[in-house]
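Take a look at the structure below.
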Amino acid sequence: MVFIVMALVGVASGIVGALIGLGGGVILVPALLFLGTSFAFFPDLSPQKIVGLSVIMMIFTGLSSTLAYMKVRTVDYKSGLIFFAGSAPGTIIGAFVNKNLDLPSFNLYFGILLVFLSLLLLLRDRLKAVRWFVDNGRKTTFIDNQNKEYIYGYPIWFALLLTFFVGVASGLFGIGGGSIIVPAMILLFLFPPHVAIGTSMFMVFLSALVNSVTHISLGNVPWIYTLAVVPGAYMGAKIGAKLNKRLNSEMLVTILRIVLLILGLRSIYEGIFSS
């Protein structure tokens, strides 16, 4: 039963992560925390082990999604490598900070992050794009299948600084970082949405490789559970990448905003009142 639940959570994480470029960890981690604390499905999983499991999963969701987006040429490799250069050191720092967090502290800080992400998704379509970063940075031109031209860009120093903090959050909480970087790529750097998602998943894949090495060295990976989560997430990521090309994902984003807000508020409550 436990392995079936794990596999289903993995599939859901892979679909949502690939569909809107989140990486999947932002679904897996709160889902396992909720199931573990409310229903005692996984009494042996500490927050550190859930994060370690999420990081291993993101290697495969990131790879699966990246391969799919490579086929439709919506991955900006140069930008992905620049973002990875900023995020990689951050993931290492975040992983070492993670080992000192007890469950109430993890719940509290993770809940605050989830609420922030839900508000970011809520405001994403209402915020005006900022041209300063494009006008004062490295520019790239992209022409989509409808021959629509996009010009996007960013100062490299700012991209490295931003992705460093994204990396810290990824290493600390086991999220892919796409939940933060995708809105920034669209609003600040003016990336076309599909290129932002494809490039984000490429960065998630590379960052997860570094992140996993750190969490493995800290003993944070429950390998037995990867047998259920990884195949489910890999298949889910393939489904999500295909749906991305066919669907308007706005309804899913709306649902995700509500779910993240509820999970975030619950996590904050658990962090405050279970200590």
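Counting along the sequence shown from 1, when you hit position 37 you're at 37 in the UniProt record's numbering, and nothing is skipped either side. Note that CB positions come from ideal geometry on N, CA and C, so glycine has one too. Only a predicted model underlies this, so the values are computations on that prediction, with no experimental measurement involved.
* Any contact of the stretch 46-54 with the stretch 169-176, i.e. 3+ C-beta pairs under 8 Å? -> yes
* Asked: Taking C-alpha atoms, which residue in R126, L161 and L190 lies nearest to G153?
  -> L190
* Which stretch, first to last residue, makes up the beta strand (DSSP E) that contains F96? -> That residue, F96, is in no beta strand (DSSP E); its alpha helix (DSSP H) goes Y77 to N98.
* **Buried or exposed (CB count within 10 angstroms, at least 16 for buried), P192** => buried
* As assigned by DSSP and simplified to three states, the class of G178 -> helix
* Using alpha carbons as the reference points, say which of S217, T254, T37 and L187 lies closest to L103. => Comparing Cα-Cα distances from L103 to each of S217, T254, T37 and L187, the minimum goes to T37.
* For V166, I'd like the list of residues in its chain whose CB is within less than 6 Å of its CB, leaving aside the five on either flank, ordered along the chain. => S87, G177, I180 and I181
* Assign K148 to one of three DSSP states: helix, strand, or coil. => coil
* Contact check, I92 vs T254 under 8 Å by CB: the rounded distance? -> No, I92 and T254 are not in contact; Cβ-Cβ is about 35 Å, not under 8 Å.
* **Counted within 10 angstroms of its Cβ, other Cβ atoms place L263 as buried (16 or more) or exposed** => buried
* Give every residue of the same chain whose Cβ lies closer than 8 Å to the Cβ of K139, excluding the five residues on either side of it in the sequence, and list them in chain order. => I151, Y152 and G153
* In whole angstroms, what is the alpha-carbon distance linking A159 and F83? -> 6 Å
* To do: Starting from the Cα of S64, find the closest Cα among G198, T226, E270 and S267 and give me that residue.
  => G198
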